[in-house]
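Student:
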Amino acid sequence: MSGAGVGGGAQSAGLGAAAAGCCSSSSGAGSAALLGGGSSIAGRLPSRVLEHIFSYLELPDLTNCSLVCWHWYNCLADENSEVWRSLCARLLSEESLRTDILCNLASYKAKLKSFQHALSSHDCSRNVYIKKNGFTLHRNPIAQSTDGARGKIGFSEGRHAWEIWWEGPLGTVAVIGIATKRASMQCQGYVALLGSDDQSWGWNLVDNNLLHNGEVNGNFPQCNNAPKYQVAEPENLLYIYIYIYIYT
1 MSGAGVGGGA QSAGLGAAAA GCCSSSSGAG SAALLGGGSS IAGRLPSRVL
51 EHIFSYLELP DLTNCSLVCW HWYNCLADEN SEVWRSLCAR LLSEESLRTD
101 ILCNLASYKA KLKSFQHALS SHDCSRNVYI KKNGFTLHRN PIAQSTDGAR
151 GKIGFSEGRH AWEIWWEGPL GTVAVIGIAT KRASMQCQGY VALLGSDDQS
201 WGWNLVDNNL LHNGEVNGNF PQCNNAPKYQ VAEPENLLYI YIYIYIYT
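Position 26, counted from 1, in the sequence shown is what UniProt numbering calls 26; the numbers after and before it change by one each time, with no gaps.
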């Protein structure tokens with residue numbers, strides 16, 4: 001499952017293998033002993049040495065490294081360590097780091113996580129693009145077209161949250177929600193793209209409808225005189241918080 005934002009008429013381990021390669025062992029058990037445990041060679045490496053090595057790894061490799069032993073886990077637990085600072089400098093552009101979104105986050109790891117879960121520039125309609133800051137989706141004003149974008153990372157279960165800032169008029173159709181990788185991100189006409197089939201679920205901000213499989217499944221928010229948004233206030237920004245629970 002992947003988070004997706006849609007515009008309508010509006011614009012809008014690796015280290016373990018390297019360590020094992022430094023020594024020869026006659027059995028798999030010998031290699032395993034080298035990699036894990038507080039009494040192993042890897043477990044006794046100084047934190048500053050580990051941080052330097054970790055800073056060259058990719059995020060999935062760091063996840064694996066955190067499971068090797070308590071020493072490695074504690075080394076990576078500091079979200080403002082040299083490891084996460086180096087990764088931010090390597091993976092994020094200066095423009096991304098200067099955005100209000102990342103400036104308001106307290107740790108380097110949180111900045112990386114936010115960037116990794118933003119909208120994808122490679123999984124979106126041809127009529128939209130993600131700006132250089134890595135977070136802002138812009139829709140080209142193409143008539144009779146509904147366009148969307150999916151998130152970079154999908155999910156199969158768990159609780160997930162997004163904060164969306166919508167600038168300017170909502171337009172004819174403005175839907176946010178979640179979609180599988182099979183859901184279309186572009187169609188002709190002005191329709192609620194998310195929620196139009198069984199591959200997506202959407203919240204229409206214009207009508208406050210919850211949509212799935214082409215049908216309205218209730219209203220949100222469920223309150224008397226629910227607000228109808230056309231232009232976000234104040235300062236033409238609409239702040240939206242989405243919390244998703246996915247069960248398997």
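Ideal placement from N, C-alpha and C gives every residue a C-beta, glycine not left out.
Decide if tyrosine 108 is buried, meaning its Cβ has at least 16 other Cβ atoms within 10 Å, or exposed.
Tutor: With 16 or more Cβ atoms within 10 Å of its Cβ, tyrosine 108 is classed as buried.
Student: So what does leucine 210 bridge to, in DSSP terms?
Tutor: Trp203, per the DSSP bridge assignment.
Student: Candidates Gly43, Leu92 and Val49: which alpha carbon is nearest valine 68's?
Tutor: Among Gly43, Leu92 and Val49, the Cα nearest to that of valine 68 belongs to Gly43.
Student: Please report how far the alpha carbon of glutamate 82 lies from the alpha carbon of leucine 59, in whole angstroms.
Tutor: So the alpha carbons of these two residues sit roughly 14 Å apart.
Student: Assuming lysine 111 and leucine 102 make a contact with CB atoms under 8 Å, what is their CB distance in whole Å?
Tutor: Right, their Cβ atoms sit about 5 Å apart.
Student: Within the same chain, show all residues whose beta-carbon is closer than 6 Å to that of glycine 9, passing over the 5 residues directly before and after it, in chain order.
Tutor: The predicted model places glycine 9 with a pLDDT of 45, which falls under 50 and marks its position as unreliable, so this point remains unresolved.
Student: Going by alpha carbons, who is nearest to serine 156 out of Thr146, Ala179 and Trp203?
Tutor: Comparing Cα positions, the closest option is Ala179.
Student: Taking all protein chains shown into account, decide if cysteine 23 is buried (16 or more other Cβ within 10 angstroms of its Cβ) or exposed.
Tutor: Its pLDDT being 33, under 50, cysteine 23 is placed unreliably by the model, and nothing is read from it.
Student: Would isoleucine 41 be called buried (16 or more neighbouring beta carbons within 10 Å of its own) or exposed?
Tutor: The residue is exposed, with fewer than 16 neighbouring Cβ atoms inside 10 Å.
Student: Go through its chain and collect everything with a Cβ distance to glycine 134's Cβ below 6 Å, but skip five positions before and after it.
Tutor: Taken in chain order, the residues that qualify are Ser96, Phe115 and Ala118.
Student: Let me know the alpha helix (DSSP H) ranges lying completely inside the stretch 63 to 114, each 4 residues or longer, listed in chain order.
Tutor: Counting only runs of 4 or more, we get 70 to 77, 82 to 91, 94 to 97 and 100 to 103.
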